[in-house]
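Going by full-length UniProt numbering, the first residue of the sequence shown is number 1, and it counts up by one from there.
Here's the structure we're looking at; comments come further down.
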Amino acid sequence: MATPGPPTTLFTSTTIFSLLATVLILLAAVLLARAILPARTYADKVQRWTFVWLAFDALIHFFLWQSFPRPRTVNSSEGPLALLWQEYALADTRWGVSDPCVVAIELLTVLGAGPLTAELYGGWMTAKWITGSPSLNTSHWLYTYVYLLFFNGLWVIIPILLMVDAYRHITRALRSVAVQDKKQK
């Protein structure tokens with residue numbers, strides 16, 4: 001499948017709407033953290049930004065992703081969310097034609113992993129780059145670095161950082177229990 005080049009006007013109203021929707025959802029997650037986190041938790045930057053990430057991830061999947069895995073072709077649909085997916089399909093053509101593999105993964109994401117923010121499995125494009133990127137359009141920096149690397153990279157890097165943080169908490173707790181066990185013996 002040939003990948004299209006960038007449109008003559010790169011920053012269209014759809015591009016701006018898509019990026020603005022993402023920023024507004026991030027702002028909603030920040031405001032939600034401020035509104036519902038106890039002051040002590042909010043004061044801890046790691047806990048606050050972990051909450052913001054998890055809320056952002058859940059909101060993104062609830063408001064944006066839930067519209068994708070439906071039995072239709074995005075490229076022939078209309079409406080704001082269809083236009084958003086058409087914009088992303090400029091970078092990864094599988095999203096414009098309801099690719100069965102993408103739809104199957106996104107059904108899992110929307111129905112379970114997204115709300116549970118268990119995202120690491122589907123956020124990276126390594127498999128597509130290994131096969132020569134037939135569906136990925138890397139002809140313009142916006143598609144390559146913003147849509148593909150930045151947005152997908154967030155769902156790889158942040159979960160890895162959260163797993164490292166969780167590992168540290170778990171090992172610290174296990175060491176503490178081991179010390180307590182030694183004291184009792």
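Even for Gly, the Cβ is constructed at its ideal location relative to N, Cα and C.
Query	Result
Nearest-angstrom Cα separation, counted from Leu20 out to Ile157	22 Å
Run of the alpha helix (DSSP H) containing Pro38, from where it starts to where it stops	Here Pro38 belongs to no alpha helix (DSSP H), and DSSP marks it neither H nor E.
Thr144 beta carbon less than 8 Å from that of Glu87	no
Span separating the alpha-carbon of Thr41 from that of Ala35	12 Å
Own chain, CB closer than 7 Å to Val102, minus 5 neighbours either side, in chain order	Arg94, Trp95
Coil, strand or helix - Leu27 by DSSP	helix
beta-carbon Ile158 near the ligand HEM non-hydrogen atom, thresh 7 Å	Although the ligand HEM was asked about, the structure shown includes no ligands whatsoever.
Contact set for Leu142: own chain, Cβ-Cβ below 7 Å, skip 5 residues either direction	Leu10
Cα-Cα separation, Ala55 to Ser18	19 Å
Selected residue, minimal CA-CA separation from Leu57, among Ser77, Ala28, Ala43	The sequence shown places Asp at residue 57, not Leu. Measuring from the Cα of Asp57, the nearest candidate turns out to be Ala28.
Residue 186 and Ala104 closer than 8 Å at C-beta	Nothing about residue 186 can be reported from this structure: the residues present for the chain run from 1 to 185 only.
Through-space distance from Pro134 to His169, alpha-carbon basis	42 Å
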